[in-house]
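One structure is given here, and the rest of the page talks about it.
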Amino acid sequence: MLRIAKYLEFFSPGILNLIANTVAARSTLEWRLQMKRPGLIAYGLLCYAFFNASFLYMAGFLLDLVVPKAINDGAPASTLIAIATNFALIFLFGFFHSLMARQWFKDWWTQLVPVEAERSTYVLQAATFLSLLMAFWKPMPAEIWSVDGPLALVAYAVFVIGLVMVLVSTFLIDHFELFGLRQIWSANLQKPMPNPTFKTPMLYKIVRHPMQLGVILVFFATPTMTAGHLFLALSMTGYVLIGLYFEERALVREFGKTYQSYQARVPMLLPNPMRLMLRGKRVA
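Throughout the sequence shown, residue numbering follows this note's numbering, covering 8 to 291 in sequence.
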């Protein structure tokens, strides 16, 4: 017993120090996590606010309303410089938008940023490059068409319909997950994100990508279409179509025959009037 007591007396300071250090380390880790959560929430909210502000600004930018710099404003430049500059701005937006959506990039990127902040960072870059595009856009003011009176009202109405389609589509799937807020809030509650499920609510029964259709309407619906506006609308439409090609492939990989059946039933972007009429008759 005396020998055991001597061993305990010899080792107890080391054991106590080990326990103390372990507790301190755990406390430090917990403190960092506690400090990390408010920071992540603030980061997610700021990214969300920045994107919405830039998107609303884009509405004024395209329609030449309210905002200090619209699509036809700015110092004049030669046609070649305007095309080269504007193409570079569109390319930067599309390149980073597509790059950060790829799974291999996400796997690498989340080694540098918290997984729960990955989507918010994606939203941040989208807002940043959209803002840069609008800030440095070179005007190409030659008119393609210009209408007023009832036709102008129709153009504004189509523009609003496009905006509403974009907004409604985000809520039909999961608005807060799409913009990264749900991921950060789930991390704050220490709850795992649910596995993605396939669903086709409302607009998604008419076309497979109502959000992208709304975006295209927003870019084309204007009472005054200039060469620069048309260049932006056509370029963004091309980018949307390329993006949908890769997105459709990813959805087929994720949902398999369920999504392939959906592709066979529902058009990608343009509604089928005959199918809508038949569906309306069945409902009636």
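Just so you know, even glycine gets a beta-carbon here, dropped at the ideal spot from N, CA and C.
Following the DSSP letters along the chain, one finds Ser85 in no alpha helix (DSSP H), marked with neither H nor E. Shown here, Thr207 sits in coil according to DSSP, grouped into three states, outside any helix or strand. Under the three-state reduction of DSSP output, Ile78 falls in the coil class, being neither helix nor strand. DSSP places Met147 outside both helix and strand once states are collapsed to three, so it counts as coil. Spanning the alpha carbons of Trp152 and Thr231 requires a straight line of approximately 6 angstroms. Distance from the CA of Trp144 to the CA of Ala89, rounded to the nearest whole angstrom, comes to 8 angstroms. Cβ-Cβ distances below 7 angstroms link Lys113 to Glu125 in the same chain, with the five nearest sequence neighbours on each side left out; the list follows chain order.
Here Thr233 is bridged, per DSSP, to Glu150. DSSP places His182 inside the alpha helix (DSSP H), whose first and last residues are 182-185. Excluding five sequence positions before and after Ala228, the CB atoms of its chain that fall closer than 7 angstroms to its own CB belong to Ala162, Val165, Phe166, Gly169, given in chain order. Taking every protein chain shown into account, the CB of Tyr50 has 16 or more other CB atoms within 10 angstroms, so this residue is buried. Put simply, of Gln270, Ala82, Trp192, Pro83 the residue whose alpha carbon is nearest the alpha carbon of Ser127 is Trp192.
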